[in-house]
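Peer 1:
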Amino acid sequence: MLTTLLPLLAFVLLTAANAGFVAAEFSLVTVDRAEIEQKANAGDKKARTVRQALRELSFQLSGAQLGITLAGLLTGYLAEPAISKLFEPVLHPIFGSVTDTAAHVCGLIVATLVSMLFGELVPKNAALAKPMPLARATAGPQRRFSKFFSWLITLLNGTANWVVRRLGIEPQEELASARSPEELGLLAAISAQAGALPKETAVLLQRTIRFGDKRAAEAMTPRVDVVSLRADATVADLLATSVQTGYSRFPIYEQTLDQVTGVVTVTDALGVPPVRRPTTRVSAVAREPIFVPESLDLDGVLEALRKGNCDVAIVVDEYGGTDGVVSVEDLVEELVGEIADEHDIEEEPTTAHGMPDLTVPGSERTHLVDGVLREDELAEVSGFHLPAGPYETLAGFLMARLGHIPAVGETWNEDGWEFTVVEVDRRRIEQVRVVRPEVSEDD
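Residue numbers for the sequence shown, in mature numbering (1 follows the signal peptide of the UniProt record, and there is no 0): -19 to -1, 1 to 424.
1. Check whether the region 78 to 92 and the region 47 to 62 are in contact - that is, three or more C-beta pairs closer than 8 Å.
2. To the nearest angstrom, report how far apart Ala84 and Val(-8) are at their CA atoms.
3. With a Cβ-Cβ cutoff of 7 Å, do Ala116 and Leu38 count as a contact?
4. Looking at the strands, I want to know which residues DSSP matches up with Leu210.
5. Near Cys87, what residues of its chain come up, given a Cβ to Cβ distance below 6 Å and the 5 sequence neighbours on each side ignored?
6. What is the DSSP secondary structure of Arg417, counted as helix, strand or coil?
7. What would DSSP say about Asn290, mapped onto helix, strand or coil?
8. Answer with buried or exposed for Thr237, where buried requires no fewer than 16 other C-beta atoms within 10 angstroms of its C-beta.
9. For Lys105, which residues from the same chain have a beta carbon less than 7 Å from its beta carbon, with the 5 sequence-adjacent residues on both sides left out?
10. If I follow the unbroken beta strand (DSSP E) through Gly305, where does it start and stop?
11. Output yes or no for whether 7 Å exceeds the beta carbon distance between Ala217 and Pro259.
12. If we count the other Cβ atoms within 10 Å of its Cβ and call it buried at 16 or more, is Ala(-4) buried or exposed?
13. With distance defined between alpha-carbon atoms, name the residue in Leu220, Thr303 and Val79 nearest to Arg204.
14. Pull up the distance between the alpha-carbon of Leu339 and that of Arg346, whole angstroms please.
15. For Ala381, tell me which candidate among Tyr372, Ala388 and Ala175 has the shortest Cα-Cα distance.
16. Thinking residue 428 and Ala197 are a contact (beta carbons under 8 Å), I'd like their distance in whole angstroms, please.
17. For the region 181 to 201 against the region 298 to 317, are there 3 or more C-beta pairs whose distance is under 8 Å?
18. Have a look at Ala118, Arg14, Arg287 and Phe40 and flag the residue whose alpha-carbon is nearest the alpha-carbon of Phe129.
19. Let's see if you can read the secondary structure: which residues bound the alpha helix (DSSP H) around Glu395?
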């Protein structure tokens, strides 16, 4: 009886040890490193132990794998024969002379199932669900085990790393805790889809991540839409133009808009006494302009505006010509979407994203969009990504594909997507109807 009970007791202990190694392995991989760092800095001793294990993660995971392997081998050596003996009295009447073989098969099956259930699956699922408490509970014993077998683990790890390097891969001791901007944006989208993050917050986070990757040319008001004044215009002219357009800042130029000499605001004009406004030129109250290249990223534009203590900059192209203007409001809108002020004409209702809600009623496949939408904005509204080409907006894409300035009603098909020009103002495509491909049920 004792020869049977002792191996069975060993089986229970080995299964528990296997569970501990599995829990340590999965909890160390999934635990929140920032929370561990915070607790460790606050004086939590167990958190410090976990932090130390994370700093030598590859070594500790190798130790856990060694422990799992040893537990499995000892289980097969000690427990399986003892379990087989328990089945022999039951199986002998059925199998007769082959009872020993049948009992060994049953013992192997039972030992494997129990070990897999309680030694593998239960601790794995528990560690994935509650990594913090299990990491705190298992990190200490795991580190002591790894230290005891450090010579063997070092040998095995070194051999494995040598093989990995032969494959052209550099081994890492720790998991990379930093995330790229693309990964952060994807995490925000996934979190929003799962309901863990408000959709508005996810969109704001994605816009913030993309902010530094955008160029001045992508946020500016294009030259054709810039309202400007000649340098010899008067302050009275400026105030009249402001009332007419609703704008409060104007570039001033000599002969053409490529010769911008300053920027003047309504605030500057109001500082001129009313009796002198009809005779005072705007150049007399204008401020020194800030010029930024169209290729400058928005972080650089914001820094230039901050250093110049100004809220508008002139965007110039590679030839020195004026490409447009970019303001602080333009930069803010890149983060939060369109901002309507008291001068903006009320247009279509907007979604929580700050993008116009342009879905055509009755059809989730059809969207009515602005022709000047850029790639990221178009993808956000409709799902279509502009292919690479000598253009930056949907209007530029259509003109490049059609080879001319399209008229109202012209259509272009691209990979199943249908684009129809709805409105044209002079030579500018104002609105386009976008119809996404029909998705079959099989897809």
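Idealized CB from N, CA, C, for every residue including glycine.
Peer 2: Looking at the atomic coordinates:
1. yes
2. Here residue 84 corresponds to residue number 103 of the sequence shown, with the count starting at 1. Here residue -8 corresponds to residue number 12 of the sequence shown, with the count starting at 1. Near 20 Å, if we compare the C-alpha coordinates of Val(-8) and Ala84.
3. Counting from one through the sequence shown, the residue named residue 116 turns up at place 135. Counting from one through the sequence shown, the residue named residue 38 turns up at place 57. Not in contact: Ala116 and Leu38 (Cβ atoms no closer than 7 Å).
4. What you label residue 210 is simply residue 229 of the sequence shown in a count that begins at 1. Bridge partners of Leu210: Ile233.
5. Taking the first residue of the sequence shown as position 1, residue 87 is located at position 106. Taken in chain order, the residues that qualify are Phe68.
6. Along the sequence shown, read from residue 1 onward, the residue named residue 417 stands at position 436. Of the three classes helix, strand and coil, the one that applies to Arg417 here is coil, per DSSP.
7. Counted from its first residue, the sequence shown places residue 290 at position 309. If DSSP states are grouped into helix, strand and coil, Asn290 belongs with coil.
8. Working through the sequence shown from its first residue, we reach residue 237 at position 256. Result: exposed.
9. Position 124 of the sequence shown, counted from the first residue, corresponds to residue 105. The answer, listed in chain order, is Val3 and Phe7.
10. For the purposes of this step, residue 305 is taken as residue 324 along the sequence shown, with counting starting at 1. Looking at the DSSP string, the run of the beta strand (DSSP E) that includes Gly305 is Thr303 to Ser308.
11. If you number the sequence shown from 1, residue 217 lands on position 236. If you number the sequence shown from 1, residue 259 lands on position 278. Yes, Cβ-Cβ distance for Ala217 and Pro259 is below 7 Å.
12. Here residue -4 is taken as the residue at index 16 of the sequence shown, counted from 1. Exposed, because fewer than 16 other Cβ atoms sit within 10 Å of the Cβ of Ala(-4).
13. Residue mapping note: residue 204 aligns to position 223 of the sequence shown, counting from 1. Of Leu220, Thr303 and Val79, the residue nearest in Cα terms is Thr303.
14. The sequence position of residue 339 within the sequence shown is 358, counting from 1. The sequence position of residue 346 within the sequence shown is 365, counting from 1. Low confidence applies to Leu339: its pLDDT is 42, below 50, so where it sits in the model is not reliable, and the reading given next is rough at best. Whole-angstrom Cα-Cα distance: 11 Å.
15. As a working note, residue 381 is residue 400 in the sequence shown. Comparing Cα-Cα distances from Ala381 to each of Tyr372, Ala388 and Ala175, the minimum goes to Tyr372.
16. Since the first residue of the chain shown is -19 and the last is 424, residue 428 is not available in this structure.
17. yes
18. Within the sequence shown, the letter at position 148 stands for residue 129. Of the candidates Ala118, Arg14, Arg287 and Phe40, the one whose C-alpha sits nearest the C-alpha of Phe129 is Phe40.
19. Taking the sequence shown and counting its residues from 1, one reaches residue 395 at position 414. Not the alpha helix (DSSP H): Glu395 falls in the beta strand (DSSP E), residues Thr392 to Glu395.
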